[in-house]
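Note that the working numbering gives residue 166 to position 130 of the sequence shown, counting from 1, and the numbers run on in steps of one. Cβ atoms here follow ideal geometry from the backbone N, Cα and C, with glycine treated the same way. Read the structure below first, then the notes.
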Amino acid sequence: MPAHWEEIGNRLRAYRLGKNYTASDMAERIGVSRAALYRLEKGELVKIETLEKLADLLEVSLPSLMGVGVEYYSNAVAFFERMRQLEENVVQILGNFTPISFLLLSDEYIGHLRKMLLESAGPRRLDHADFADYVERVLNILKERRGGGLGRRPPVVSIVNSQSIERFLRSGLIGRYDLSASEMRARRALARREIERLVEIFRKQPIGVQIGVVENFAPEQTFQVFEKQDATFVTMSPYRLGDLPNISAGIAMVTSAPEAVRMFKDIINDQWDRAHKGDRGAKILEAVLARTPP
Numbered sequence: 037m038p039a040h041w042e043e044i045g046n047r048l049r050a051y052r053l054g055k056n057y058t059a060s061d062m063a064e065r066i067g068v069s070r071a072a073l074y075r076l077e078k079g080e081l082v083k084i085e086t087l088e089k090l091a092d093l094l095e096v097s098l099p100s101l102m103g104v105g106v107e108y109y110s111n112a113v114a115f116f117e118r119m120r121q122l123e124e125n126v127v128q129i130l131g132n133f134t135p136i137s138f139l140l141l142s143d144e145y146i147g148h149l150r151k152m153l154l155e156s157a158g159p160r161r162l163d164h165a166d167f168a169d170y171v172e173r174v175l176n177i178l179k180e181r182r183g184g185g186l187g188r189r190p191p192v193v194s195i196v197n198s199q200s201i202e203r204f205l206r207s208g209l210i211g212r213y214d215l216s217a218s219e220m221r222a223r224r225a226l227a228r229r230e231i232e233r234l235v236e237i238f239r240k241q242p243i244g245v246q247i248g249v250v251e252n253f254a255p256e257q258t259f260q261v262f263e264k265q266d267a268t269f270v271t272m273s274p275y276r277l278g279d280l281p282n283i284s285a286g287i288a289m290v291t292s293a294p295e296a297v298r299m300f301k302d303i304i305n306d307q308w309d310r311a312h313k314g315d316r317g318a319k320i321l322e323a324v325l326a327r328t329p330p
């Protein structure tokens, strides 16, 4: 099975989940069997006329579905599913994160994230039930990503920015600012625990995790480079999973274009060269903790 067929199937599944279609729903809409659709998603069957129907149904371009140029994702469910796929069998992940890679956060963070996302909607949101369902779909994929990451431990080279870390500490794990003073203190305490845990990661340097902190002039954009045996992909995301998280607004992108891969790898390599690692990086984070009010 050609690798690019498998990637077409992966993109198809990501876009389908983003639209919240079951395999049966989508197969019926385009007039094929569910078995045929599953074969498409596994990369075992590729028919241009069927892909054209699917692209129309999913409201994406045929080139995007086929991975020609740039893949665009206006839906966090679809994008995080695509990231989960890219993390499978990856040789190495290189990333610039604001504030921290989700794969390096604590097991408890998923519960905190659910609370932040739901409160970010605000009490006046009319489609609260639909949004709550959307949040659960996102969280389910994030849980799968953590499960896959913890099970196989893909090597991660992660760069964090001390200014983003400080903002994370000063805000706390919040979805909006209009919380009580006591609740804000409690949320800041939760953020401190995450950064204290990150300090330990700097000091212990677990197998498969390389992490560095830069102090100035770091890019605010979250992007990752997924190096696989047969291809390299770059992802760029507007979606935030830290303080004031966002899973609703923005367009994420995925590309394997050589120029994009080269440019983003150059940025990460430059950041890595000047990043502080190990005990030195831990001390920088401890200094940020010390100057940030609890």
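Worksheet item: Just how far apart, CA to CA, sit arginine 118 and glutamine 265?
Response: 17 Å
Practice prompt. Tell me whether the beta-carbon of isoleucine 129 lies closer than 8 Å to the beta-carbon of glutamine 260.
Written response: yes
Worksheet item: beta strand (DSSP E) containing glutamate 256: first to last residue?
Response: Looking at the DSSP string, glutamate 256 is not in any beta strand (DSSP E), and its letter there is neither H nor E.
Discussion item. If distances are taken between C-alpha atoms only, which option among Arg229, Arg298, Thr258, Phe269 comes closest to leucine 325?
Written reply: Arg229
Worksheet item: How about arginine 206 and threonine 291: do their beta carbons lie closer than 8 Å?
Response: no
Fill in: Alpha-carbon spacing of arginine 75 relative to lysine 319, whole angstroms
52 Å
Worksheet item: Among Lys89, His148, Gly131, which one has its Cα closest to the Cα of glycine 67?
Response: Lys89
Discussion item. Can you tell me where the alpha helix (DSSP H) holding glycine 147 begins and where it ends?
Written reply: 145-156
Worksheet item: If you count every other CB in all the chains shown that lies within 10 Å of the CB of proline 281, and 16 or more means buried, which is it?
Response: buried
Worksheet item: Where DSSP assigns a beta bridge to alanine 288, which residues make up the other side?
Response: Tyr109
Discussion item. Quick test of your reading: leucine 48 and leucine 101, contact by CB under 8 Å. State the CB separation rounded to the nearest angstrom.
Written reply: 7 Å
Worksheet item: Quick one: is tyrosine 213 buried, meaning 16 or more other Cβ sit within 10 Å of its Cβ, or exposed?
Response: exposed
Discussion item. Looking at the secondary structure, which residues open and close the alpha helix (DSSP H) in which leucine 331 lies?
Written reply: Past the boundaries of the shown model lies residue 331; the chain is included only from 37 to 330, so the question cannot be answered.
Worksheet item: Over what stretch of residues does the beta strand (DSSP E) that includes glycine 314 continue unbroken?
Response: It is not in any beta strand (DSSP E) - glycine 314 instead sits in the alpha helix (DSSP H) that spans 314-327.
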